[in-house]
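Encoded as structure tokens, the structure appears first; notes follow it.
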Amino acid sequence: MNYQEALTYIEETHKFGVRLGLDNITKLLELLGNPQDKLNIIHVAGTNGKGSTCSFITSILKESGYKVGLYTSPFLETFTERIRVNGENIPEEDVARIVTIIRENIEKMVCEGYSYPTEFEIVTAMAFYYYSEQQVDFVALEVGLGGRYDATNIIKKSEVSVITSISLDHVGILGDTVAKIAYEKGGIIKENGTAIVYDQSDEAKDVIKDICKEKNAKYIEVKFDDIKVKQSDIYSQTYDCTVMSKKYEDLEIKLIGDHQINNSMLALNVIKFLNESKDLNISEESIRVGLINTKWPGRIEKIMEKPIFIIDGAHNEDGAKSLAKAIEKNFNGKKATLLIGMLEDKDIDGVLEILMPHFDKVITTTPDNPRAISCEVLKQKISKYVGNIVAKPSIEEAVNYTLGNASEDDIIISAGSLYMIGTVRTLVNNILVLS
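Just so you know, we're using my numbering here: the sequence shown kicks off at 472 and counts up by one.
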């Protein structure tokens, strides 16, 4: 099996959909020798901020001399982004080799009467297998969906369970209240473990505290009250804060948005906890350099200068609020153009209500995903907010139209779905290379 054949094999498992539960992944990993049991895992769940938090953690650990795996989903531009070691994507030949091994074991388990694994189960198994081969020191493991019955929660133990911001998302699967969703996210907390939790609604925190009490786990809440932002624009942010009694001044990150300062502080608390509990050798200099070097594409990321073109994966209420706040803060209320595509199972009306006041022109498109809402239906929904709307079915058409009708001093934002903005990122970068 070559790389393309391996991708085709993985993609064909889309037909098995999303299936929460651990029976299949348990059996598959048993056949693979339980590679996950050999790993030191930092397990990260939440609605928003998981990927950014994981990236801050891995960047600091890498800067400190550790070999670190990073597992995230979905990918923006290439499948291999999902499985990385010290910032390097898994090589295509390793994808082909490991998927071949996994397929052979899937055939064995199906013969024994097990269901066919889902795409996420297969990719998660591949990640564990690869990280075990690579003998990484740590893995920052991002939960796919929920937590309690997510395939990543096959792990028996973790170095720490990290809970980022929680809000309503995937309500048809995880529940229709923040409390129900928090219960699912909190399912990653282990017996006698430690949970480091983003300061958020009492409804979410109360549920997580109860889980910690039930499992005799330590609960550490990260407060953001003492953060002092000294500088913030679309290029970088500088701030002071206190982390576990340690005062830091002039920390700098390149990620945009107030929420990214919060995510970086959550990551700092994880680093401080690991440094003390594992007796690691993480210096303040490594922390500073690790924060500055952290990249997380597709989250309020500027990909073009003239016109300013920003992409963001905002697809739920919290994500939309963060994007709206960044627009207000960095562009002084100036109206912008929005290029948007969304999936039908998202809170489309909630996102539009938050974002639309910031735009006077909108281009709708259809993400390349079976769950996508069509650009025409999305256009109709937006029409009650904005008069100037154009629908372009293909993302390439939408990008070309948007740039073709923009002047150098315009502001363009592309948002709504990670499944779309990765393609937008590739198309715009290709245009920049050719220009």
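Virtual Cβ for every residue (Gly too), placed ideally from N, Cα, C.
Under 8 Å between C-beta atoms of residue i and residue j
i: N663; j: A622; result: no
i: T484; j: L737; result: no
i: G790; j: F546; result: no
i: F609; j: L500; result: no
i: L809; j: A886; result: yes
i: Y458; j: L503; result: No statement about residue 458 is possible, as the shown extent of the chain runs from 472 to 906 and does not include it.
i: V899; j: F780; result: yes
i: I431; j: A797; result: Coverage of the chain is limited to positions 472 through 906, which leaves residue 431 absent and any answer about it impossible.
i: I691; j: V668; result: yes
i: V714; j: L745; result: no
i: L478; j: F550; result: yes
i: D818; j: R842; result: no
i: L493; j: N624; result: yes
i: L889; j: S535; result: no
i: T765; j: S530; result: yes
i: M827; j: Y856; result: yes
i: G812; j: I866; result: yes
Integer Cβ distance of residue i from residue j, believed to fall under 8 Å
i: Y480; j: R574; result: 6 Å
i: D729; j: D721; result: About 17 Å; that fails the 8 Å criterion.
i: I679; j: T518; result: No, I679 and T518 are not in contact; Cβ-Cβ is about 13 Å, not under 8 Å.
i: I763; j: K725; result: 6 Å
i: A611; j: I528; result: 5 Å
i: R553; j: V607; result: The Cβ separation is near 15 Å, so there is no contact.
i: K777; j: E879; result: 4 Å
i: E592; j: N505; result: That pair is no contact at about 15 Å.
i: K694; j: I660; result: Wrong, their Cβ atoms sit about 20 Å apart, outside the cutoff.
Limits of the unbroken beta strand (DSSP E) element including residue i
i: Y669; result: T665 to Y669
i: E613; result: F609 to E613
i: A807; result: A807 to I811
i: A516; result: I512 to A516
i: G540; result: V539 to Y542
i: L616; result: Segment: none, L616 is in no beta strand (DSSP E) and carries neither H nor E.
i: D494; result: It is not in any beta strand (DSSP E) - D494 instead sits in the alpha helix (DSSP H) that spans D494 to L502.
i: E772; result: E772 to M775
i: T837; result: From DSSP, T837 is part of no beta strand (DSSP E); its letter is neither H nor E.
i: A862; result: I860 to A862
i: S754; result: Here S754 belongs to no beta strand (DSSP E), and DSSP marks it neither H nor E.
i: V631; result: V631 to I634
Range of the contiguous alpha helix (DSSP H) that encloses residue i
i: E564; result: E563 to C582
i: R555; result: Premise fails: R555 lies in the beta strand (DSSP E), I554 to V556, not in any alpha helix (DSSP H).
i: V649; result: V649 to K656
i: F744; result: D729 to S748
i: F780; result: Taken as a continuous stretch (DSSP letters only), F780 belongs to no alpha helix (DSSP H), being part of the beta strand (DSSP E) at I779 to D783.
i: K796; result: E788 to F802
i: G821; result: I819 to L826
i: Q851; result: C846 to I853
i: L478; result: Y474 to E483
i: G522; result: K521 to E534
Closer than 8 Å to chain D by CB, residue i
i: L905; result: Protein chain content of the structure displayed is limited to a single chain, and chain D is not contained in it.
Inset, instruction - Please confirm if the stretch 508-524 is in contact with the stretch 623-631, defined as three or more CB-CB distances below 8 Å between the two stretches. - result: yes
Legend entry - the stretch 826-840 touching the stretch 851-860, judged by at least three CB pairs closer than 8 Å: yes
Legend entry - Those runs of the beta strand (DSSP E) which lie wholly inside the stretch 864-902 and span at least 3 residues: 882-886
Legend entry - Length at least 4, wholly inside the stretch 664-718: the alpha helix (DSSP H) runs in chain order: 673-685
Legend entry - the stretch 586-605 / the stretch 699-708 touching (three or more Cβ pairs under 8 Å): no
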